[in-house]
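Since the structure comes first, as structure tokens, the remarks are kept for the end.
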Amino acid sequence: MPNANAIANVFKLIEENNVKFVFLRFTDIKGKEHGVSIPVSLVDEDMFEDGKMFDGSSVEGWKTINKADMLLMPMAETAVVDPFAQIPTLSIRCSVYEPTTMQSYDRDPRSIAIRAE
Numbered sequence: 004m005p006n007a008n009a010i011a012n013v014f015k016l017i018e019e020n021n022v023k024f025v026f027l028r029f030t031d032i033k034g035k036e037h038g039v040s041i042p043v044s045l046v047d048e049d050m051f052e053d054g055k056m057f058d059g060s061s062v063e064g065w066k067t068i069n070k071a072d073m074l075l076m077p078m079a080e081t082a083v084v085d086p087f088a089q090i091p092t093l094s095i096r097c098s099v100y101e102p103t104t105m106q107s108y109d110r111d112p113r114s115i116a117i118r119a120e
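Numbering (the working numbering), first residue to last: 4 to 120.
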């Protein structure tokens, strides 16, 4: 269950900083940063529960094109305003999940670290 206080803080950051975009960030197994930008109008509380779909075949070594659907699960407590973005942008780190099983993806470094704890 996502942290309700952290989610409330996301919406506070959006309002206080006139945020226009949210950048959902994740890292591949080699440490390369990837992400998906979405307009702030698509951000709601359900996003933290249901995640956002993305094409996993675009990440080297992850998925083939015929099995490419992946799910980004935003971690609200990681939300920060990007001080370098020209357009006000909120950056949120994500864990990657398999949408068919809702299990963490075994090649996601964040998921690997959580399992190792």
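In this text, a Cβ means the ideal position worked out from N, Cα and C, and glycines have one as well.
Neighbourhood of V39 by C-beta distance below 6 Å, restricted to the same chain and skipping five residues each side: L27 and F57
Buried or exposed (CB count within 10 angstroms, at least 16 for buried), A7: exposed
Residue nearest to V13 in terms of C-alpha spacing, selected from A88, V43 and L74: V43
DSSP three-state assignment for V43, whether helix, strand or coil: helix
Limits of the unbroken alpha helix (DSSP H) element including I17: A7 to E19
Cβ pair M73, E101 closer than 9 Å: yes
Span separating the alpha-carbon of K55 from that of I17: 18 Å
From I41, P112, D111 and E80, residue whose alpha carbon lies closest to that of P5: E80
Check whether F24 and I10 have beta carbons under 9 Å apart: no
Nearest candidate by alpha-carbon position, reference T92, set V84, V46 and Y108: V84
C-alpha distance - F51 paired with L45, whole-angstrom precision: 12 Å
Straight-line Cα distance separating I90 from T104: 36 Å
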